[in-house]
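Protein chains in written order, with this note's numbering: chain L, 174 to 561; chain D, 21 to 109.
Even glycine gets a Cβ: it sits at the ideal position worked out from N, Cα and C.
Step one of this worksheet: look at the structure below.
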């Protein structure tokens with residue numbers, strides 16, 4: 174699972190049997206009390222009922238795999254929608270895709286068109302039980318796009334990479350190779366000064382005392398979740414989705430679970446030329462993998478704009494799909510209307526709108542569905558593919 | 021040639037949680053995604069909001085909310101523009 178906290182928004186993506194929506198009320202309370210956002214339904218922030226008024230809310234999920242294993246309102250889309258409807262005014266719920274196949278659900282609230290500044294609660298607000306959304310804000314005027322790839326039925330060979338046993342072996346091989354390289358380098362260095370020398374142990378500082386305990390070091394690097402997560406990120410190709418040659422300040426935080434499963438977050442600060450630009454508030458990507466054959470699943474999500482001199486949306490999709498080789502996958506691209514731009518590109522920064530960027534075929538897959546939703550201020554493109 | 025700058029995010033690992041996780045019964049497939057906006061952009065925060073908005077909320081404060089979700093913080097990647105929390109499950 175992952176959480177991304179921006180000054181103005183919070184993204185929470187949770188896996189498995191987590192109870193995501195049960196944290197929503199507390200999230201709104203924290204936004205009011207600790208971040209100082211305007212609230213309704215209470216006279217003071219100290220009131221436990223105080224909940225910040227969201228500008229807008231998105232909630233989405235793929236169709237359920239094992240609803241009976243879920244808890245709280247997460248056993249059905251109907252219950253989830255009721256939970257959100259009970260909390261917010263004016264939400265809309267959608268199902269996108271085949272009812273009798275893989276589909277995707279979305280709940281969305283839209284900002285009101287009111288242009289007045291946020292105001293203090295009145296008697297009507299205090300008497301209300303539902304939280305209004307978007308009240309008192311002008312509509313957004315920044316670029317915003319989210320690409321999500323949801324993959325099921327992963328290729329078993331590719332899925333092996335996300336098991337601890339496999340990753341440990343890769344890490345051991347990597348360590349051994351590095352140690353060999355270090356020994357050779359040290360031996361070559363000594364040989365260049367005084368002829369052939371004995372093999373140098375990189376764990377020895379020369380006075381017979383080990384610099385670190387070799388076994389402990391190897392153990393840590395081949396079992397610790399973050400260390401193995403980094404190894405897997407590099408070996409599976411995830412680290413190359415947004416390469417440092419194009420995104421120099423990108424950083425990935427990855428974790429490999431025991432006995433299997435993988436999560437990674439990537440943060441991509443805006444390039445120096447775009448810092449302070451309201452349209453380039455920094456970007457993220459996140460990956461979650463469940464490799465077990467009975468429920469194999471992987472997700473990739475990013476808000477890095479695709480196109481121009483940065484990697485195109487089609488390139489990102491091809492790259493991610495090649496890591497997992499899923500039997501089926503869906504792509505959703507959610508884009509604010511008329512806001513296409515890539516801060517990592519050079520020259521003309523405008524790129525094609527979402528509908529035009531998702532037209533390329535994906536090698537080795539046949540497209541089953543292509544659905545376009547024209548929302549008030551966002552375009553949503555949904556595509557579904559199966560392996561040929 | 022590119023090299024990391026001061027803008028490169030900083031990683032903090034919560035070793036207390038990250039050391040002994042067992043995912044045997046944790047995974048069930050697809051995730052749920054919630055995105056809540058409190059203002060149109062990072063530079064359009066409403067009057068009264070902390071200067072850094074939600075990013076001014078300490079990580080410890082999110083723990084109670086994440087407990088309700090059944091997630092624990094494994095690590096945090098902090099940057100000027102966004103903090104990325106890697107969570108259990």
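Limits of the alpha helix (DSSP H) - the one that residue i falls within
i	result
residue 85 of chain D	79-89
residue 206 of chain L	197-206
residue 102 of chain D	No alpha helix (DSSP H) holds residue 102 of chain D; DSSP gives it neither H nor E.
residue 496 of chain L	486-497
residue 331 of chain L	329-332
Residue-chain proximity (residue i, chain L), Cβ-Cβ < 8 Å
i	result
residue 102 of chain D	yes
residue 89 of chain D	yes
residue 42 of chain D	yes
residue 72 of chain D	yes
residue 83 of chain D	no
First and last residue of the uninterrupted beta strand (DSSP E) at residue i
i	result
residue 247 of chain L	Run containing residue 247 of chain L: none; DSSP gives neither H nor E here.
residue 221 of chain L	Residue 221 of chain L -> no beta strand (DSSP E), and no H or E assigned at all.
residue 33 of chain D	30-33
residue 427 of chain L	424-429
residue 400 of chain L	Segment 398-409 is the alpha helix (DSSP H) holding residue 400 of chain L; no beta strand (DSSP E) there.
residue 509 of chain L	501-509
residue 268 of chain L	265-270
residue 95 of chain D	93-98
residue 559 of chain L	551-560
Close Cβ partners of residue i (< 6 Å) along its chain, the five nearest in sequence each way excluded
i	result
residue 321 of chain L	474, 505
residue 225 of chain L	201, 204, 205, 210, 212
residue 279 of chain L	233, 267
residue 533 of chain L	487
residue 256 of chain L	194, 246
residue 218 of chain L	205, 206
residue 485 of chain L	479
residue 283 of chain L	549
residue 521 of chain L	In this prediction, residue 521 of chain L scores a pLDDT of 37, lower than 50, which makes its location untrustworthy; no coordinate-derived value is stated.
Any C-beta of chain D under 8 Å from that of residue i
i	result
residue 176 of chain L	yes
residue 267 of chain L	no
residue 485 of chain L	no
residue 183 of chain L	yes
residue 327 of chain L	no
residue 443 of chain L	yes
residue 404 of chain L	no
residue 553 of chain L	no
residue 192 of chain L	yes
residue 409 of chain L	no
residue 225 of chain L	yes
residue 401 of chain L	no
residue 461 of chain L	yes
residue 208 of chain L	yes
Close-in-space but distant-in-sequence residues of the same chain around residue i (CB under 7 Å, 5 per side omitted)
i	result
residue 381 of chain L	For residue 381 of chain L, the pLDDT reaches just 49, beneath the cut-off of 50, and the residue's location in the model is therefore unreliable, leaving the point undetermined.
residue 34 of chain D	93, 94, 95
residue 22 of chain D	Reliability of the predicted coordinates at residue 22 of chain D is poor, the pLDDT of 46 falling under 50, and no value is obtained from them.
residue 40 of chain D	none
residue 543 of chain L	556
residue 100 of chain D	27
residue 244 of chain L	190, 192
residue 238 of chain L	468
Proximity of residue i and residue j at Cβ, strictly below 8 Å
i	j	result
residue 441 of chain L	residue 426 of chain L	no
residue 563 of chain L	residue 464 of chain L	In the structure as shown, chain L begins at 174 and stops at 561. Residue 563 of chain L is therefore absent and cannot be evaluated.
residue 335 of chain L	residue 468 of chain L	no
residue 181 of chain L	residue 236 of chain L	no
residue 229 of chain L	residue 306 of chain L	yes
residue 487 of chain L	residue 550 of chain L	no
residue 43 of chain D	residue 174 of chain L	no
residue 460 of chain L	residue 411 of chain L	yes
residue 50 of chain D	residue 98 of chain D	no
residue 260 of chain L	residue 221 of chain L	no
residue 59 of chain D	residue 67 of chain D	no
residue 325 of chain L	residue 458 of chain L	no
residue 319 of chain L	residue 507 of chain L	yes
residue 102 of chain D	residue 455 of chain L	yes
Bridge partner(s) assigned by DSSP for residue i
i	result
residue 473 of chain L	L:322, L:460
residue 184 of chain L	L:177, D:55
residue 433 of chain L	L:336
residue 235 of chain L	L:277
residue 541 of chain L	Residue 541 of chain L is not bridged to any residue.
residue 356 of chain L	BP columns for residue 356 of chain L are empty, so no partner.
residue 414 of chain L	DSSP output for residue 414 of chain L lists no bridge partner at all.
residue 547 of chain L	L:552
residue 107 of chain D	D:93
residue 440 of chain L	L:424, L:457
8 Å Cβ shell around residue i - same chain, five flanking residues per side excluded
i	result
residue 241 of chain L	248
residue 559 of chain L	500, 501, 538, 539, 541
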